[in-house]
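For the record, in the sequence shown the residue sitting at position 74 is 469 according to the working numbering, with numbers rising by one throughout.
This report refers to the structure that appears directly beneath it.
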Amino acid sequence: MIEYENLLKLNESFVSEFQKSFTSTLQSGWFILGKNVEAFEKEFSKYVGTSYCVGLASGLDALLLSLKVFEFPVNSEVIVPSNTYIATILAIIQAGLKPVLVEPDIKTYNIDPDKIEEKITSHTVAIMPVHLYGKCAEMDKIIGISKKYNLKIIEDCAQAHGAMFKNKKAGAFGDFGAFSFYPTKNLGALGDAGGITTNAKEFASKMKMLRNYGSNIKYYNELPGYNSRLDEVQAGFLSVKLKKLDDINKHKRKLADIYIKNLKNDFIKPVVNTDYYDVFHIFAIRHPKRNQLKEYLLKNDIKTEIHYPLPPNKQKAMKGICDHFNCPISDEIHNTILSLPISYFHTLDDVSEIVEVLNKF
Ligand SMILES: *Cc1c(COP(=O)(O)O)cnc(C)c1O
């Protein structure tokens with residue numbers, strides 16, 4: 396059986412360093428907002444190429460608190476791709492704002508910059524591009540639009556740790572880069588964790604208050620804040636893993652390369668372009684008989700996933716919120732997409748075997 400993901404195997408090579416880190420955190424007797432969080436924030440901002448990083452409790456919080464920093468008027472509109480994980484849209488709603496869905500490019504699966512301007516109104520305040528599956532959105536065009544209309548940019552980088560567009564890393568383009576360190580992500584903790592990157596000192600210090608009850612000085616609250624702190628134990632683990640993030644990404648790119656070079660053209664494969672450094676959080680192919688293909692692979696002992704089976708605008712939770720958007724391109728992607736195994740623990744032989752089975756379909 397070739398598994399889709401296995402978190403024990405994924406973390407196997409880090410176990411002894413994790414144990415060292417855990418013991419040292421335990422012995423420090425300091426578990427919230429201490430040396431580990433500070434160290435990880437420094438290391439991760441350096442990695443992304445921004446001046447600041449602020450550690451938070453999750454990716455959803457990173458998106459939500461980024462929006463909260465700007466104190467936009469209630470019901471302001473935020474542009475977001477129609478084919479994202481629901482968290483991006485939930486953040487907009489939970490911030491008291493309105494999601495405006497824009498269709499993706501059918502080739503890159505990322506928001507189609509040419510379809511953004513027609514959705515901008517006098518109420519639009521921000522664009523939230525999502526670097527889906529580990530490929531950056533077309534950030535030069537998106538930044539051009541944001542400047543023209545004076546909009547904020549919050550990048551959803553949850554699937555794109557280390558991904559680049561024109562040699563700049565995801566998280567270094569917008570006002571905020573919002574990251575998730577959920578265990579399965581390219582940089583994953585051993586529990587929930589998240590964070591933001593930014594170049595603005597003012598935004599970073601406001602974010603530090605928001606994550607800690609709106610407080611800078613103990614028991615004095617400047618803002619109605621949240622409890623969204625990255626904890627010391629997870630920060631320690633993340634520092635261990637960050638040192639190997641480039642190796643993780645390189646390995647995933649090697650596996651992707653085997654798929655791309657050897658899979659028959661019956662399968663629609665991810666596009667490659669020298670402007671992009673893709674980190675393949677997910678390796679997605681498309682096929683008109685997706686469900687049959689998934690079953691066929693399972694019969695051949697190969698597990699796959701679908702990211703995602705149901706688009707946000709068709710989820711029950713989005714009734715009356717964004718179910719009025721008609722998104723045929725997003726629908727087409729959701730109906731045909733299939734994610735193949737591409738974890739750090741998969742070998743080149745695993746992938747060659749999967750290719751062989753797939754090419755007989
Ligand atoms: C995982 C993910 C999130 C949410 O991150 P959590 O840490 O689970 O809150 C947001 N957006 C995208 C695109 C994701 O893949």
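Note that beta-carbon positions come from the ideal geometry of N, C-alpha and C, so glycine has one too.
Residue i vs residue j beta-carbon contact at 7 angstroms
i, j, result
"Y608", "G589", "no"
"D587", "S453", "yes"
"D507", "E498", "yes"
"G569", "E550", "yes"
"V667", "T420", "no"
"A573", "L458", "yes"
"S623", "L451", "yes"
"C448", "E436", "yes"
"T699", "K711", "no"
"T762", "E400", "Only positions 396 to 756 of the chain appear in this structure, which leaves residue 762 out of reach."
"S423", "N594", "no"
"K510", "L582", "no"
"P476", "I484", "no"
"K664", "I653", "no"
"V750", "L693", "no"
"L405", "F740", "yes"
"K563", "D670", "no"
"N478", "S747", "no"
"K463", "A490", "yes"
"Y691", "F756", "yes"
Supposed contact pair residue j and residue i - C-beta distance, whole angstroms, cut 8 angstroms
i, j, result
"L546", "A521", "6 angstroms"
"Y544", "T519", "7 angstroms"
"M604", "I591", "That pair is no contact at about 13 angstroms."
"P707", "C717", "7 angstroms"
"A532", "N505", "4 angstroms"
"F426", "D626", "6 angstroms"
"I680", "F662", "4 angstroms"
"V752", "I701", "With 8 angstroms as the limit, V752 and I701 do not qualify as a contact, their Cβ atoms being about 18 angstroms apart."
"M523", "I488", "Contact doesn't hold; Cβ gap of about 12 angstroms is too wide."
Where residue i sits in the DSSP three-state scheme
i, result
"L496", "strand"
"S725", "helix"
"I540", "helix"
"D642", "helix"
"V746", "helix"
"Y691", "helix"
"L625", "coil"
"F394", "Residue 394 is absent from the structure shown; the chain starts at 396 and stops at 756."
"P736", "coil"
"A588", "coil"
"N708", "helix"
"Y399", "coil"
"T757", "The structure shown does not extend to residue 757, since the chain is modelled only from 396 to 756, so the question has no answer here."
"N616", "strand"
"G572", "strand"
"F439", "helix"
"E533", "coil"
"Y654", "helix"
"K564", "strand"
"G796", "Only positions 396 to 756 of the chain appear in the structure, and residue 796 is not among them; the question remains open."
"A521", "strand"
"V432", "helix"
"E751", "helix"
Close Cβ partners of residue i (< 6 angstroms) along its chain, the five nearest in sequence each way excluded
i, result
"A553", "G454 and S575"
"I737", "K647, L650, F675 and F678"
"K502", "V666"
"H729", "P706"
"L402", "P578"
"G429", "E627"
"A584", "F576, Q629, F632 and L633"
"D500", "D507"
"N754", "K659"
Same chain, Cβ closer than 8 angstroms to residue i, five either side skipped, listed in chain order
i, result
"H526", "N505, A532, E550, D551, C552, Q554, A555, A558 and A565"
"K639", "S408 and F409"
"S634", "S416, N431, A434, F435 and E438"
"I397", "D696, I697, K698, P736, H741, D745, E748 and I749"
Near ligand 3: residue i beta-carbon under 6 angstroms from a heavy atom
i, result
"S623", "Inclusion of ligand 3 in the displayed structure is not the case, the ligand content consisting of ligand 1 alone."
Contacts around residue i, its chain only, beta-carbon distance under 7 angstroms, and the 5 residues preceding and following it disregarded
i, result
"D641", "G557"
"Y672", "A558 and M559"
"N616", "Y608, G609 and S610"
"T516", "E472"
Item to check | contact_flag[the stretch 722-737, the stretch 679-688] where n(CB pairs < 8 angstroms) is 3 or more | outcome: yes
Checklist entry - Any chance the stretch 435-448 sits against the stretch 462-477, with 3 or more Cβ pairs inside 8 angstroms? => result no
Checklist entry - Are the stretch 558-569 and the stretch 527-542 in contact at 8 angstroms, needing three or more beta carbon pairs? => result yes
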